[in-house]
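Take a look at the structure set out below.
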Ligand code: GTP
Ligand code: MG
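Residue numbers (the UniProt record's numbering): 325 to 694.
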């Protein structure tokens, strides 16, 4: 049952509401027949009554596949890797990405500090690579954690003249937690006081042994200033991606992850996304967390209008009713009606959850009242 109330559950398992309420009471939970049941409550009740249940939370990640979609394995195609760049503040993440893109994002940033997550795509020897830039400032832990979750491979940037710092360690931990392979880029090797061996031994001590020291971590020495080592870095990424055999099906409805979002004058809510699967097209009906809409405009990473995005492509989507939260999953469905209905269900579920939270009195609280 999805968003199931006490009386609905009782009906479904052929019991009285009284029996259900009694069991929950025995667990220290006071509920009325109209309250919504939590997933764990449903599981306990099902166990008590000896029935099997499958709980579906309308907020759970949706993997919508239409009857119009081609879903068989034979439609799987190679997709570009998504790479997240992380590391301590000022170690040169944005500069490195700039050099890779031969553009100038860092110069446009307020005070040279990245305060948001950017997503870009480059091509190397005919192969596309998608990059996510993240901020190194300590205040942005949340964005780094999200970046690690949306990615296939993490690049940890460490400045050769500064070595391992708190956010370097934090980034390593995010990559570990997300269980994604990582490549270490030792940056700023053009500097006279650069000491790549110091960086290597610091990381080796933390358990990240370089390949050339007999370990399993790829270290690449680079300079975002001179461009030295960048080809090496890109080749290492492509090799790693090949090992991973990353695939997706462009012939199905889109599923994308929101990297960042904002409300823009004249455009309304905009969401920067990376496609996890399928193809997203202008005109698609999409749901994204609590909000939904019809894709009005898609911009690619260069700000150019495009008609569609394929697997692993980054882009900006305009057309949602509200600003979605970063980290939320955007899914395209067949019709406006479908997305509206699901959005309504999600809103109702959340509203009821809030309500039942405020009216539910646990036995503990009751004890205090008596
Ligand atoms: P946050 O986004 O704030 O965490 O910083 P970041 O890691 O993106 O660093 P950013 O690219 O903004 O670079 C910080 C400073 O280091 C800038 O002044 C760059 O010019 C300089 N820098 C970056 N890479 C290199 C490099 O390879 N060599 C030298 N000499 N300077 C570099
Ligand atoms: Mg930056």
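Even glycine gets a Cβ: it sits at the ideal position worked out from N, Cα and C. No experiment lies behind these values; they were computed from the predicted model shown.
Please tell me whether residue i and residue j are closer than 7 Å, where the distance is taken between their beta carbons.
i           : j           : result
residue 518 : residue 485 : yes
residue 556 : residue 613 : no
residue 454 : residue 408 : no
residue 651 : residue 603 : no
residue 502 : residue 473 : yes
residue 388 : residue 655 : yes
residue 404 : residue 586 : no
residue 416 : residue 481 : yes
residue 448 : residue 558 : yes
residue 642 : residue 594 : yes
residue 505 : residue 564 : yes
residue 512 : residue 469 : no
With burial defined as no fewer than 16 other Cβ atoms inside 10 Å of the residue's Cβ, what is the status of residue i: buried or exposed?
i           : result
residue 488 : buried
residue 338 : exposed
residue 600 : buried
residue 694 : Summary for residue 694: the model assigns pLDDT 46, below 50, so the residue's position carries little reliability; its value from the coordinates is reported in the next sentence. Exposed: under 16 other Cβ atoms inside 10 Å.
residue 392 : exposed
residue 342 : exposed
residue 573 : buried
residue 410 : buried
residue 629 : exposed
residue 567 : exposed
residue 675 : exposed
residue 696 : There is simply no residue 696 to check, as the chain begins at 325 and stops at 694 in what is shown.
residue 620 : exposed
residue 659 : exposed
residue 360 : buried
residue 584 : buried
residue 590 : exposed
residue 495 : buried
residue 336 : exposed
residue 516 : exposed
residue 617 : buried
residue 462 : exposed
According to DSSP, residue i sits in a beta bridge with which residue or residues?
i           : result
residue 443 : 456
residue 360 : 329
residue 605 : 632
residue 596 : 584, 640
residue 579 : 601, 655
residue 401 : 572
residue 448 : 451
residue 395 : Answer is none; residue 395 lacks a bridge partner.
residue 663 : Bridge partners of residue 663: none, in fact.
residue 534 : 541
Just checking my contact of residue i with residue j at CB under 8 Å: how many whole Å lie between their CB atoms?
i           : j           : result
residue 330 : residue 347 : Rounded, the Cβ-Cβ distance is 11 Å, inconsistent with contact.
residue 550 : residue 514 : 5 Å
residue 444 : residue 421 : 7 Å
residue 366 : residue 554 : No, residue 366 and residue 554 are not in contact; Cβ-Cβ is about 53 Å, not under 8 Å.
residue 664 : residue 382 : Contact flag wrong, Cβ pair sits at about 13 Å.
residue 639 : residue 623 : 6 Å
residue 458 : residue 507 : Residue 458 to residue 507, Cβ: 15 Å. No contact.
residue 695 : residue 578 : Only positions 325 to 694 of the chain appear in the structure, and residue 695 is not among them; the question remains open.
residue 280 : residue 562 : Lying before the first or after the last residue shown, residue 280 is absent from the chain, which here runs from 325 to 694.
I need the boundaries of the alpha helix (DSSP H) containing residue i, first residue and last residue.
i           : result
residue 467 : 465 to 473
residue 562 : 554 to 568
residue 529 : 520 to 529
residue 418 : 417 to 425
residue 497 : 490 to 502
Is residue i close to chain C? Criterion is C-beta to C-beta, closer than 7 Å.
i           : result
residue 346 : You won't find chain C in this structure, because it holds only one protein chain.
What residue range is occupied by the uninterrupted beta strand (DSSP E) comprising residue i?
i           : result
residue 615 : 615 to 623
residue 482 : 477 to 483
residue 545 : 542 to 545
residue 408 : 406 to 411
residue 507 : 506 to 511
For residue i, is the beta carbon positioned less than 6 Å from some heavy atom of the ligand SAH?
i           : result
residue 413 : Only the ligand GTP and the ligand MG can be found as ligands here, which leaves the ligand SAH out of the picture.
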